[in-house]
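Just so we're aligned, residue 1 is where the sequence shown starts under my numbering, counting upward by one. All remarks here apply to the structure that follows.
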Amino acid sequence: MSPLTYLSGYPPATLDQVRRLIDDGRLGDYLAQRYPERHDVQNDKALYTYAAGLKQAHLRNAPMLDKVLYDGTLDTAKRALGLHTAVSRVQGGRLKAKKEIRIAALFKEAAPQFLRMIVVHELAHLKELAHNKAFYQLCEHMLPGYHQYEFDTRLYLTWRDLQGR
Numbered sequence: 001m002s003p004l005t006y007l008s009g010y011p012p013a014t015l016d017q018v019r020r021l022i023d024d025g026r027l028g029d030y031l032a033q034r035y036p037e038r039h040d041v042q043n044d045k046a047l048y049t050y051a052a053g054l055k056q057a058h059l060r061n062a063p064m065l066d067k068v069l070y071d072g073t074l075d076t077a078k079r080a081l082g083l084h085t086a087v088s089r090v091q092g093g094r095l096k097a098k099k100e101i102r103i104a105a106l107f108k109e110a111a112p113q114f115l116r117m118i119v120v121h122e123l124a125h126l127k128e129l130a131h132n133k134a135f136y137q138l139c140e141h142m143l144p145g146y147h148q149y150e151f152d153t154r155l156y157l158t159w160r161d162l163q164g165r
């Protein structure tokens, strides 16, 4: 895998800056300086509470969440950092959709801003299914500076790959 797989859509000037950080061995230091703390959302119950709180604060009219959990099987190489699903089941004479959010388990050891970015991203899919302008506006509303956090999360994933994790 190319070291900049997670950054493939960014301009060449930005990629050159990232390559310089990598070549100088300073990418990890940059991330540690910018995001020194770690969160304490370490289990599925705490993650559900965390996501439900964000949903309540920003998306009161969105469907209820039935399940939120860390998933160790999500493949970050295929860009699956989180996943939102609606599992439909027939109950009685009704069709009921259960909303689930799965977050890649690697976010257990990430900075709180990275966890919040991925949870906000998946919550935004409750309102907007496509990655369109309205979707990213909703993400920015729920997390000001969303685009910078998304970029830094991609830097973090790049650094993890370079570390062989």
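Every residue gets a Cβ at the ideal spot worked out from N, C-alpha and C, and that includes glycine.
CA-to-CA distance, L27 to I103, given in whole angstroms: When only Cα atoms are considered, I103 and L27 end up about 24 Å apart.
field: Outcome for A13 when other beta-carbon atoms lying within 10 angstroms are tallied against a minimum of 16
entry: Label assigned to A13: exposed.
task: Return yes when the Cβ of P63 is within less than 8 Å of the Cβ of K99, no when it is not.
output: With contacts defined by Cβ atoms closer than 8 Å, K99 and P63 form a contacting pair.
- prompt: Are the beta-carbon atoms belonging to D161 and R34 less than 8 Å from one another?
  reply: Going by C-beta atoms, D161 is not nearer than 8 Å to R34.
message: Going by DSSP in three states, E100 sits in which element: helix, strand or coil?
response: Strand.
- request: Output yes if chain B places a C-beta closer than 8 Å to the C-beta of P112; else output no.
  value: Absent from the structure: chain B. Only one protein chain is present.
Outcome for V121 when other beta-carbon atoms lying within 10 angstroms are tallied against a minimum of 16: Checking the displayed sequence, the identity of residue 121 turns out to be His instead of Val. Answer is buried; the Cβ neighbour count reaches 16.
message: Determine whether the beta carbon atoms of L115 and H58 lie at a separation below 8 Å.
response: Result no, Cβ atoms of L115 and H58 do not sit closer than 8 Å.
message: Using 8 Å for Cβ pairs, my map puts F107 next to A124. What's the rounded Cβ distance?
response: Between A124 and F107 the Cβ distance is about 17 Å, and since that is not below 8 Å, they are no contact.
- prompt: Under the DSSP definition of a beta bridge, which residues are partnered with K67?
  reply: According to DSSP, K67 bridges with E100.
- prompt: Distance, Cα to Cα, A149 vs K96?
  reply: Ala is not the amino acid found at residue 149; the sequence shown has Tyr there. When the Cα atoms are used, Y149 and K96 turn out to be separated by approximately 34 Å.
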